[in-house]
Structure formats: C-alpha cells, structure tokens
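Asker:
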DNA sequence: TAAATTTTCGGAAACGATTGCACATAAAAA
DNA sequence: TTTTTATGTGCAATCGTTTCCGAAAATTTA
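Chains as they are written, first to last, in this note's numbering: chain A, 662 to 998; chain B, 662 to 998.
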C-alpha cells in the first residue's frame, strides 16, 4: 500500500503541499475552514508525517541514544523506564544499545550515533576503561551527552551519580557497628569511577574507626561469574578469613552468595554483607540482602529532564560541566544483622 | 560545528557528490584511485552519512521497533539482548518501547511506528486484552511484525512462543508426583495467550491424573503487587488451603513468597511451587525456586533472524502465519522438593 | 473609489543522500 | 585514422517535509 504523504493529501484537497503542511501544524496563516478540511482527511486516512523527511528538514531526529554496559540488570532497566516516561511526553524516542562492557563496542556505537541519528546521548560507560579516550569522537561534535552511574573523569558535561563515597562510607560503618573487623571490598575494576568512590568511602570508614587495613581486602573481580565465584571461594578459605563484605555492585554480592554456598560459612553469623544493588527481591534471598540502592528511576528522569530542557527550549546553554548527586537509600536486612 | 556531508567532501576533492557517494559505496564504476582518495578523506574527517537523508531516499530506516509490556523483567531484557546481537551485525538499530501493560499506550506506540519510522516491529502484547483489535492499525500497512511470548490470536504473522501447554502440563505433573493434591494456578489474566495455554496444560495434567479440580483454584491476579500479595494471603488462609502452586509468570511466584512470609506456612513442606521464570537467581531464593524458563536469548535471536531475512534479502515472501515453538527448560529446586 | 493592509495560499528551494542518464575521455577494434 | 566500446565522472531528479518569499483575494483605511 502506498504511504500517504502530504502531497497526496494536497492533491485530494486541491491544495498546495505547503498549505497542507501548515494546516497540519496549525499555522496561523491558514483559515480555519481549510484547516478543518485538512485535519479531517488526515485523520480519516490516518496520516502520519514521514519522520525521516521531517528529521532531514528540521535537522533533528527527536531521538535519544542510550548506551548501557549491560541490559540484564534492574538498575539500568529502571533508569531507562525513568527516561522513557519523560521523553515520551515530549515525543522523543529511545534508541537503546548494550555495549556489553566492551570499550570497542562503545566506540562503534558512538560512531554510529554521531552522524545525526540522535539529538542527544545518555550513557553509562563500560568498566574496561574509565579514562574515556574513546569518547573523543564526541569532543568536536555538538551533540549533548549526559553520563550516569559510571562516568568518565574528564569529559566536560553533566554527570549523574549517587552519593557513592558517602554510601560506601556508611555501608562500611554499618558493618563495623555490627562487629565486623575484617571487611573486604568487592569491586569490578579499580578503574571504574563508582568503584573508586565507593572504595574511598570504605577506606575512610576503616580509618576513622581505627581498623587495620590489608591491601588484599580489596578484591578485584572480573566479568566472568564463574571465575568470580572461584576467586571468592578462595578468599573465604583463607585462614584469616573476612567477617564482612561490602560489594560495590550487585553481581558480586550474588557471586558471594554462591561462593559461600560452597563453603560452610554462615551468613550473617560468620560473615555479614552489604551490597550496592537495585534488586527488587533482595528481601527474598537467603538471607535477605542489606542493600544500598540507587534511585534509578529518578536518575533516568533527571537525565531526561536535563536533555529535554536543552533540546526543546531555545537558546539553552550547553550542559554544565558538573556532577549531580542523588542519594542512595540503605536498607538493612538479615545479611548484616 | 557544521556536519560533514557528501557535498562537503566533494568540494574538498573537486569531485561531484554523486562520485563521492559512489566511491563510498564502493561502486564498480569509480576508479580505484578516486575511491582511495575519497575513503581516505572520509576516514580522516570521520564522515558518517546522514541516516535520515538516506532513509528518506531509500525508503527504509534500518531500524526495528521493539514493544514490550515491562522493562524491569529479565526475560524481556534477555530477548532484546538476543535481538540486538543479530540486528547489530546487519547494521540495524533498535527503538525500544515499554507499553507498561497498557493497551492505550500500545496503540499510541504503534501509531508512532507505522509512519515509516521502523522497517519492522517485534512485540509482546500487554495482558489487558489479547483480542488484538488495537492491532488493526497494522493490518493495512505493509510493515512486517513478529510477536513473541504474549501473542495475539488472530493476527496473521509469525509468532514465537515457548511450549506453553507442554511446560504447563509437565510443571503440574511434577507437583503431582511430589504429592500435591490441591494445586492452584496463578495467572495474570485469563485472557492472555500464555496464561491460557499454560492453564490448559495445567488442567489436562490434573485430569489425566484423576485429580479433582475446583474453579477457585484458578487465581487471577492483577498488576498490583500489593493486591496480589493480599489476595494470595487469603487463598492460603482458607481451610482447604492449596498444597501446590503453579505460577504462570515470575512476578506471581514472588508475590507468593511474600504472601507465605506473612503466614506460617512452610515451603516446600506444606506447599510446593513451580514457576515460569527467567530469573537468574532462582537458586538464591528462600527456598530456591523450581523454574520453567524460556530460552529468552534464543527467542530474541530467532525473531531478529526472521526479520533480517525478510528485510535484507530481496523478493522475500511475507512472514508466514504460524507459531514457532522453542522449548522451555525445567529446573527442579527446593521449592518443589 | 483608491490605497494600504491583512489574510490566505501557492511556488520553489532546501535538507543530504542515491541513482538514472548523459557525456566526456581513454582504450580497443575496424 | 575512424568507429566502437569501456571506463570514469557530472548533472539533475528524487525521497517527504518545512519554510522563505511572493502574490492573489479579502478586508480595512484613507
């Protein structure tokens, strides 16, 4: 079936395409009579203007590119839900990409996006490399971008994170108050921004409570679940085994559960754990997991709000080079009782 | 900064835009000398052809629309991951929409998409209404669409599901074999395709094992977690309370856990459960949950393959009106021991 | 009634890429 | 040398919309 175009409507109505276009856009220079006729026919034929012709002409796509390092993760799903709620209201669309924690894929995706396919980008960068040199393709482009959660250090734009340092500090203090003396810190990569900040909070908490610290307590894990479990198992088999765990990301907490299942160490009796996590069923785990959870939806909403403001209002300044912090919420459960 | 266009490249190289275009597309009618020059400059300037100009001209967008009823759900995330893996290889992009289980939103999204924004659609429809009248906007459009998981009954196209009937049957038989005599079936809506098929399997299993059946054993839940829990709690407070639960969707299994937590009924001692679920941490629940899980990634891959074939090869027939079934896998865990 | 506005609409260019066609120039055949 | 055939390139139309500019027609003002 031939698509319905403005030109087609114009012919049917014995009008010029320009008139039809203006009528559809409710321009003041079209009489209400013709407007009604045009609208009526458009409605009847279920006319939808070709988005690509419009994008080409207007030089904007009403589309936002979203790049996340993994999709099977509640946190990111929630963030995107938050974003969609606001972008939808403005008639914007979301192109979503999973970089699979891979810097090369990130690069490829970015190069795809800078060609004008999207009006803006929202991104959480992969853990492989937080330096962000691969982001330089964006530097000389005018495309607005905001980062969240996993942010690059030196890219001048707005970034949204939770209060990583403070949450790391408080999570650690919580464990200390519960009597833990040998608390390990689980991190995906020491290079990742969130890892660094959360770790700083952890270290400061130990220091301010005069607890000893051992370099080996920082346990750097990878992306392989199996290897992580094996690695953690070894950690728990040490003579001087830890009695507390602060996991900087959810998947490491889950790996800990599985590693512990292979030993006969009991949680929370022998080891207590707190984890950064946005799992909805933390309360259903064995034992229920104490979590520090990010306001994911809010983060998404805020990212989108920033961009909508920049894109839909005119004469907006570039996105400020600053970090916006939204606090996490701590929930105590059995795992750290 | 001005975007780089073919015209700009042409000027720089003293060539016509058409020549540059042909060179970039590696046309045989361009000398290798000019090709190299063009390619070199394009690479140097990081030239990306304007996707909208191209879409307009070619009448295709290299974009696929994905509509899911909820985003915070591992199953859908996995399906999309599977899809992206294959579409990416073909240079296709994914526009993802969450209909929030709302038929009105589905309609709105569809009307947005039929205007040429996407070359094809992959969809899992909301549970509100499985009749699919709201899909009629698609009927007279030539846009290929495939449905998965939650499919409409009478829309002539390819649909991908798991072996819902059989899995429902086997899950029920498993509970029967474990000694359950009063097995309830939890369903989101009796209207949803997957609910119906899974229920049919459940009913047939009861019948073929000569177990009595009570209409009240079909527990229709809603989308409100709180109400579902309250509802289930009542079910378990009945004098003739169930000793087995088959949950047709994950969220109802979780609601059951929470409802049971409010009673003093023990699982699996007093009630056993099996649920359709793609949770990765079913083994970490209390007790670990016996699951019937769909091959989500495969489903996504298969959807994408079907569409890629239709879109990238020429003279392809329309998508066949048939149902493709990919079997689920059952994993027994503590909840039904 | 004529002139000046205002309202309403049409023509045509533009956005950036692709492609059918024509036209050079070079190489091959007559 | 002339004619034919490749080969390489340019011109211009096209995709569907929006918008600048101009021109009738209708209205107001002089």
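Glycine is no exception: its CB is placed at the ideal position from the N, C-alpha and C atoms.
Is DSSP giving residue 912 of chain A helix, strand or coil here?
Answerer: helix
Asker: Between the beta-carbon of residue 762 of chain B and the beta-carbon of residue 813 of chain B, is there less than 8 Å?
Answerer: no
Asker: With a cut-off of 8 Å, does the C-beta of residue 775 of chain A fall near any C-beta of chain B?
Answerer: yes
Asker: Which runs of the beta strand (DSSP E) fall wholly inside the segment 894-979 of chain A and span at least 3 residues, in chain order?
Answerer: 905-908, 933-937, 951-954
Asker: Look at the Cβ atom of residue 846 of chain B, then the Cβ atom of residue 860 of chain B, and state whether they are nearer than 8 Å.
Answerer: yes
Asker: Quick one: what's residue 856 of chain B bridged to in DSSP?
Answerer: Its beta-bridge partners do not exist; DSSP assigns none.
Asker: What residue from A:804, A:665, A:709, A:675 has the CA that sits closest to residue 978 of chain A's CA?
Answerer: A:804
Asker: Would you check if there are 3 or more beta carbon pairs closer than 8 Å linking the segment 929-945 of chain B to the segment 960-980 of chain B?
Answerer: no
Asker: Are there three or more Cβ pairs, one per stretch, closer than 8 Å when the segment 893-906 of chain A is compared with the segment 841-856 of chain A?
Answerer: yes
Asker: Which chain B residues are close to residue 754 of chain A, counting only those with a beta carbon under 7 Å from its beta carbon?
Answerer: 756
Asker: Please list, in chain order, the residues of the segment 699-713 of chain A that have any C-beta partner in chain B closer than 9 Å.
Answerer: 707, 708, 709, 710, 711, 712, 713
Asker: Going along chain B in order, which residues have a C-beta closer than 9 Å to the C-beta of residue 742 of chain A?
Answerer: 731, 732, 733, 759, 761
Asker: Along the beta strand (DSSP E) that carries residue 756 of chain B, what are the first and last residues, could you check?
Answerer: 754-759
Asker: Here's a check: name, in chain order, each residue in its chain whose Cβ is nearer than 6 Å to the Cβ of residue 876 of chain A, leaving out the five neighbours to either side.
Answerer: none
Asker: So with CB distances below 7 Å, who are the chain B contacts of residue 681 of chain A?
Answerer: Neighbours of residue 681 of chain A on chain B: none; closest Cβ ~16 Å, over 7 Å.
Asker: For the alpha helix (DSSP H) that contains residue 845 of chain A, what are its first and last residues?
Answerer: Segment 844-848 is the beta strand (DSSP E) holding residue 845 of chain A; no alpha helix (DSSP H) there.
Asker: When the cut-off is 8 Å and only beta carbons count, does residue 945 of chain B lie next to chain A?
Answerer: yes
Asker: Taking the straight line between their C-alpha atoms, what separation do you get for residue 701 of chain A and residue 764 of chain A?
Answerer: 51 Å
Asker: Tell me the rounded alpha-carbon separation between residue 854 of chain B and residue 811 of chain B.
Answerer: Taking the straight line joining both Cα atoms gives about 6 Å.
Asker: How big is the Cα-Cα spacing for residue 994 of chain A and residue 963 of chain B?
Answerer: 41 Å
Asker: Does DSSP classify residue 829 of chain B as helix, strand or coil?
Answerer: helix
Asker: Using 8 Å as the limit for Cβ to Cβ distance, is residue 893 of chain B near chain A?
Answerer: Chain A, which has no Cβ nearer than 8 Å to the Cβ of residue 893 of chain B, makes this no.
Asker: So, do the segment 982-992 of chain B and the segment 764-782 of chain B have three or more beta carbon pairs nearer to each other than 8 Å?
Answerer: no
Asker: By Cβ distance below 8 Å, which residues in the same chain neighbour residue 662 of chain A in space, the five residues on each side in sequence not counted?
Answerer: Note that residue 662 of chain A scores 43 on pLDDT, short of 50, meaning its location in the model is unreliable and no value can be drawn from it.
Asker: Leaving out five residues on either side along the sequence, give the residues of the same chain with a beta carbon under 6 Å from the beta carbon of residue 956 of chain A.
Answerer: Excluding sequence neighbours, residue 956 of chain A sits near 987.
Asker: If you run the structure through DSSP and keep just helix, strand and coil, what is residue 708 of chain B?
Answerer: coil
Asker: Apart from the five residues on each side of it in sequence, which residues of its chain come closer than 7 Å, Cβ to Cβ, to residue 747 of chain B?
Answerer: Only 962, 965, 966, 969 meet the Cβ criterion.
Asker: When you compare the CB of residue 955 of chain A with every CB in chain B, is at least one pair closer than 8 Å?
Answerer: At a cut-off of 8 Å between beta-carbon atoms, residue 955 of chain A makes no contact with chain B.
Asker: Is the distance from the Cβ of residue 684 of chain A to the Cβ of residue 696 of chain A below 8 Å?
Answerer: For the 8 Å CB-CB criterion, residue 684 of chain A and residue 696 of chain A form a contact.
Asker: Nearest to residue 733 of chain B by CA position, among A:727, A:949, A:740, is which residue?
Answerer: A:740
Asker: CB-CB under 8 Å to residue 863 of chain A, same chain, minus the five flanking residues each way: which ones, in chain order?
Answerer: 829, 830, 832, 833, 844, 846, 907
Asker: Excluding sequence positions up to five away, which residues of its chain have a Cβ less than 8 Å from the Cβ of residue 835 of chain B?
Answerer: 935, 951, 991, 993, 997
Asker: Mark residue 868 of chain B as exposed unless 16 or more other C-beta atoms lie within 10 angstroms of its C-beta, in which case mark it buried.
Answerer: exposed
Asker: Which whole-angstrom value describes the C-beta separation of residue 753 of chain B and residue 723 of chain B, a residue pair presumed to lie in contact below a C-beta threshold of 8 Å?
Answerer: 5 Å
Asker: Is the separation between the beta-carbon of residue 913 of chain B and that of residue 882 of chain B shorter than 8 Å?
Answerer: yes
Asker: How would you list, in chain order, the residues of chain B whose beta-carbon sits under 7 Å from the beta-carbon of residue 778 of chain A?
Answerer: Annotation: Cβ neighbours of residue 778 of chain A in chain B (cutoff 7 Å, chain order): 712.
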